[in-house]
Amino acid sequence: MNRGVVYYILGRFLQSVMVLWIIVTLLFLLFRLAPSNPLASYIDTTFTKQQEAALLARFGLDKPLGEQYIIYLFNLLKLDLGETFSYSGKSVMDILRADLPNTIYLTLSSLLLAYLVGVLGGIAMAALRGSLLERVGTTFTLMTRAAPQFWVGMLLLTFFAFQLKLLPSSGIGPAIVRYRWETEWDKLMSPVFWRHMILPTFTLALYLHGLPLLLMRSNMLEVLDQDYVTMSRLAGYSEWRVMIQTAARNAMLPVLTALTLGIGYSIGGNVVIEHVFSWPGLGRTLVRAVQQADYPLAQGAFFFIALIIVFMNFIADILYSLLDPRVGASAQAQVS
Amino acid sequence: MSRKLARISVIAALLALVMVAVVPVSSQSAGEMVPSIIVHSVTQAERPIEYETTRLVVENMRELGLEVEHRAIPWAQLIDEIWYSRVEGEGRAERPFQMTHWRMVGRPERSDPDEFTYNLFHSSVRDGGYNFIGYNNPDYDALAEAQRVEVADKEARLELICEAQQVIRNDMVNAYFIHPLTPQVVNTDTFNADSIVTQAGIGVHNFWTWIGIEPTGDDKTLITSTTSFLNSFNPLEIAGDAPSRVTEMTWDRLMRINPIGVPEPWAAESVVWEDPLNVVVTLRQGMTWHDGEAVQSDDAAYSFEAALAGTTQVDEDGNEEFRPEAPDYHPFARNVANIEIIDDLSLRFTLHTPSAAFETSSLAKLNLIPKHVWEPIIDDLLTRDDADADSIQEEIPIGSGPFKYVAFDVNEFVLLEAFDGHWALPQIDTWLMNVLPNQEATLGQIQSGEMNFLWEWPGDPGVLQDIVNENEHLDLFSAISIGMNYFAFNVRYAPFDDVSFRQAVAHTIPQQFIIDNIFNGMAAPADSFVSAALEYWRQCDDLPTYDFSIEGARALLESAGYSWDDDGRLLYP
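Spelled out as structure tokens, the structure:
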């Protein structure tokens, strides 16, 4: 690896750290300055000043803002996200550690399904260009992309869960089964869990598949005009081989980049689906935390999402520098 | 007839005197325009019914020549703008709040009128407590205090409670308009409808239903859900409606509020008052905790001692401040001066002051907790200042109630099973509550059979009526709640410091229209903080009425000296 690439990666790493620092600072201020009160759920007819003082002390909100910020930053360096305000006896890490896997399962399976259908569909649309099928297919894809996720979710829920009673409507499994899962492995091995995942995965994939499909279709159309594709055809290769081996392989690259970044964005973007299907993931916890003005939990959840997005961007940058020598070279030119 | 007239005129004269003495003089000058008013409520997304009601009333208030803004904000923000912005110069809001929609929910311990009578209006809780409207009336204070200590004579207490309701209605410090009918849906294919108990002021989701509901077949699991938070499983924390359902089943109490709203001995075999300050409680024989240990009088004593435990701290200004370890339950135990253990099953409570509500708001309120589990926890908490009992989550919660813990996943579900060792063994085997944030999913599940008991419905009650009509296996239950919806006025400041102005605003609330159209008939008219569900405490002379009438409101303002300018804007007297 040349020096340019090393400098480039180091530079991008420092940039990522700076971005994260700015994000945590903004998060810290945003929640504290927002007009919302973490004591809202404690107000009762017997609520006293005494109780209020005790709660503020317990949450550390009786200290000056600057001091709270310093404590917060130091704790963050130790990866200690603090105690939640609204869940008794749980740390933010406990909650996020329980939520994150569920969000990842849902995100990855939907992305996988979406990109599989999207890429194949894109190829098919390109091959069928100008036909009635292509027009119908593209219109359908645009519709799924434009339809609000909660609405699609509700429709699927009503039809498959409540009318046909084919699939369960919410959660990751009945409590009676869930409490016996002691590890993530138990959960993953349970058919019940996968059955519960079908509807939310399908809803999310229905929305996500539009991007790779349309991207793949337009890339294919572009690639199909290239000389080397014409050459392949002239060489007598079958249309199938031209499409898959020659055109599709070249058209795939931008789609893969979109996938890398898509993972990051989807982790934080499942809020609506998780709410509709009562899926116990990061997005649902985030909504609850904001509703209850649970600062540490909301900050922690946003921080996690930001961390994943920044990390995925960092990975994409490194991949670029490795795949495209010009990136490293320009960095070296700037250094020297 | 003439005696009645005389009595009314005496009351009216007294009230007039009280108003002159109590209500502070407005700071505005004569002929000045009444400034614009902000009326708060929660958002439409949070509680559509409250939002719509407020919108309607705001429209009507504009007809009085007022400039009125409806400010709908989320609950956590509303607390900032109401609770913490009650006095000029305090809180985050630009100015103290003026008028807000507010809601009190029904809970079993509110079956005694003391909680509302005292905590909503007594001047001692004006600064940091629930009298956020700032009502300050020494005569009312005297009534609220007198009813509290009137232990022996229930009729005398009734008279005091009635008088308190008269004063509040006349002074129009809160404009009550409805007690909701709590709509609940039960699958009567799975459960015998006759075994479902309606508790006065609460509805069918109550302790008596949980222990008495009979399954019709082999399926003995009751499945319910909440759209709200289920973030605690702790006998020393009051964390909201859903967690309260769980704690009341897992932990027994010395007394329980029975279906007609009266406290009766439960874990106690007897509760005997020796005099207004001393009460001897004897526990039932043979009760055990879920871990097999015997329930004894020192556990019962400790349950109160834990609520009283705390440390005294000195702040920067040298003021001493008591910090209770169980801040939620401390107020309910505060009146206990001493607890004496007589034998294994008997103990004597001595109170600081006589309290008519002690049985309801203490003996039937505090959960019995095992001393062998909680003493080490509380002792540890006493040495720390970064945590209190609210922040404790036992790995396996141990109570002595008719249901015991099986599993709890925060904000996901609670699973309980019937406790074989309990003397009141429930008919069902398992009780499950799921958290379903999506209301539509709740509706779908009760219809599909995934859930069989829908107890909480924040949406349009008419929707429930529709699904019950469409599904033969579902029955709708409803009861008038102890809770109520009302508009609260900040009586500290003009124009709401003027009783005539408040009464005029009360005339702009179209009570029947709201009941028929916004609540779809699922509400009863309200005129007091004591619900019609508490029949005993409503045996009073009729309270003043404020019928919906914009003309009436304008006439009232006019007679109080208000006038209007050429543009129709209201001017101060």
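The listed protein sequences derive, respectively, from chains A and B. Residue 283 in our numbering sits at position 237 of the first sequence, and the numbers go up by one each step. Residue 1321 in our numbering sits at position 540 of the second sequence, and the numbers go up by one each step. We put the beta carbon where it would ideally sit given N, CA and C, even for glycine.
Subject >> Helix, strand or coil at Ile-1041 (chain B) [DSSP, three-state] >> reply: Of the three classes helix, strand and coil, the one that applies to Ile-1041 (chain B) here is coil, per DSSP.
Original post:
Helix or strand or just coil, what does DSSP make of Asn-1298 (chain B)?
Top reply: helix
Original post:
For Trp-231 (chain A), does the count of other Cβ atoms within 10 angstroms reach 16, so buried, or fall short, so exposed?
Top reply: By the beta-carbon neighbour count (other beta carbons within 10 angstroms, threshold 16), Trp-231 (chain A) is exposed.
**OP:** Report yes or no: do the stretch 1295–1311 of chain B and the stretch 1233–1252 of chain B share at least 3 C-beta pairs separated by less than 8 angstroms?
**Re:** yes
Original post:
Secondary structure at Val-804 (chain B), three-state DSSP: helix, strand or coil?
Top reply: For Val-804 (chain B), the predicted structure reports a pLDDT of 41, less than 50, and the residue's modelled location is therefore unreliable. A value from the coordinates is still provided. Val-804 (chain B) falls in the coil class under three-state DSSP.
Subject >> Exposure label - Ala-160 (chain A); buried when at least 16 CB within 10 Å >> reply: buried
Subject >> Residue from A:Met-139, A:Gly-310, A:Met-200 and A:Phe-323 whose Cα sits closest to the Cα of Lys-124 (chain A) >> reply: For the residues A:Met-139, A:Gly-310, A:Met-200 and A:Phe-323, the minimum Cα distance to Lys-124 (chain A) belongs to A:Met-139.
**OP:** Taking only runs that begin and end inside the stretch 1233–1297 of chain B, name each unbroken beta strand (DSSP E) of 3 or more residues, in chain order.
**Re:** 1255–1261 and 1265–1270
**OP:** Compare the C-beta of Ala-347 (chain A) with all C-beta atoms of chain B and state if any pair is closer than 8 angstroms.
**Re:** For Ala-347 (chain A), the closest Cβ of chain B is not nearer than 8 angstroms.
**OP:** Check the DSSP bridge columns for Phe-1194 (chain B) and list the partner residues they point to.
**Re:** In the DSSP assignment, Phe-1194 (chain B) is bridged to B:Asp-1190 and B:Asn-1215.
**OP:** Would you tell me roughly how many angstroms separate the C-alpha atoms of Leu-328 (chain A) and Met-64 (chain A), rounded to the nearest one?
**Re:** The straight-line gap from Cα to Cα measures roughly 24 angstroms.
Original post:
For Val-1053 (chain B), which beta-bridge partners are listed by DSSP?
Top reply: B:Val-1061
**OP:** Compare the beta carbon distance of Ile-994 (chain B) and Gln-1228 (chain B) with 8 angstroms and say whether it is the shorter of the two.
**Re:** no
Subject >> Buried versus exposed call for Pro-1325 (chain B) [16 or more other C-beta atoms within 10 Å across all chains shown] >> reply: exposed
Original post:
Taking 8 angstroms as the CB-CB cut-off, is Leu-85 (chain A) touching chain B?
Top reply: By the rule that beta-carbons nearer than 8 angstroms mark a contact, Leu-85 (chain A) touches chain B.
Original post:
For Pro-258 (chain A), which of A:Tyr-341, A:Leu-307 and A:Ile-355 has the nearest alpha-carbon?
Top reply: Ranking A:Tyr-341, A:Leu-307 and A:Ile-355 by Cα distance to Pro-258 (chain A) puts A:Leu-307 first.
Subject >> Boundaries of the alpha helix (DSSP H) in which Gln-97 (chain A) is found, first to last residue >> reply: 95–105
Subject >> Alpha-carbon spacing of Ala-826 (chain B) relative to Gly-915 (chain B), whole angstroms >> reply: 29 angstroms
**OP:** Ignoring anything shorter than 4 residues or poking outside the stretch 1138–1192 of chain B, list the alpha helix (DSSP H) runs there in chain order.
**Re:** 1152–1163
Original post:
Taking DSSP as the reference, what is the three-state secondary structure of Glu-813 (chain B)?
Top reply: When secondary structure is reduced to three states using DSSP, Glu-813 (chain B) falls in the coil class, being assigned neither helix nor strand.
Original post:
Is there a Cβ from chain A that is less than 8 angstroms from the Cβ of Asp-1190 (chain B)?
Top reply: yes
Original post:
So, do the stretch 854–871 of chain B and the stretch 1119–1130 of chain B have three or more beta carbon pairs nearer to each other than 8 angstroms?
Top reply: no
**OP:** Determine the direct distance from the alpha carbon of Asp-1033 (chain B) to that of Phe-350 (chain A), and round the result to whole angstroms.
**Re:** 41 angstroms
Original post:
Can you tell which of B:Phe-1103, B:Phe-988, B:Arg-876 and B:Leu-1003 has the C-alpha that lies nearest to the C-alpha of Lys-95 (chain A)?
Top reply: B:Phe-1103
**OP:** Kindly list the residues whose CB is nearer than 8 angstroms to the CB of Ile-1248 (chain B), restricted to its own chain and excluding five residues on each side of it in sequence; keep chain order.
**Re:** Val-966, Leu-1224, Ile-1227, Gln-1228 and Leu-1255
Subject >> Inside the stretch 837–883 of chain B only - alpha helix (DSSP H) runs reaching at least 4 residues >> reply: 856–862
**OP:** Drop a sphere of 10 angstroms on the beta-carbon of Leu-157 (chain A), count the other beta-carbons inside from all chains shown, and report buried for 16 or more, exposed for fewer.
**Re:** buried
Original post:
In chain B, which residues lie less than 8 angstroms from Trp-203 (chain A) when you measure between Cβ atoms?
Top reply: Correcting the residue identity first, residue 203 (chain A) is Leu in this sequence and not Trp. The answer, in chain order, is Glu-1221, Ala-1222 and Gly-1225.
Subject >> Proximity test, Cβ basis, 8 angstroms: Pro-996 (chain B) and chain A >> reply: no
Original post:
Regarding Val-333 (chain A) and the ligand ZN, is the C-beta to nearest heavy atom distance less than 7 angstroms?
Top reply: Because no ligand of any kind appears in the structure shown, any question about the ligand ZN cannot be addressed here.
Subject >> Bridge partner(s) assigned by DSSP for Met-729 (chain B) >> reply: No answer is possible for residue 729 (chain B): the residues shown for chain B start at 782 and end at 1354.
Subject >> Contacting residues, own chain, Cβ-Cβ under 7 angstroms from Arg-929 (chain B) (five flanking each side not counted) >> reply: Cβ within range, chain order: Asp-895, Tyr-899, Ser-1136, Ala-1137 and Ala-1138.
Original post:
Which whole-angstrom value describes the C-beta separation of Met-814 (chain B) and Arg-1350 (chain B), a residue pair presumed to lie in contact below a C-beta threshold of 8 angstroms?
Top reply: 5 angstroms
Original post:
Would DSSP call Ala-1075 (chain B) helix, strand or coil?
Top reply: strand
Original post:
Using a C-beta to C-beta distance shorter than 9 angstroms, which residues of chain B count as neighbours of Thr-94 (chain A)?
Top reply: Here the neighbours are Val-906, Gly-909, Gly-910, Pro-1108, His-1111 and Pro-1112.
**OP:** From the DSSP output, read off the bridge partner residues of Glu-268 (chain A).
**Re:** None, per the DSSP bridge assignment.
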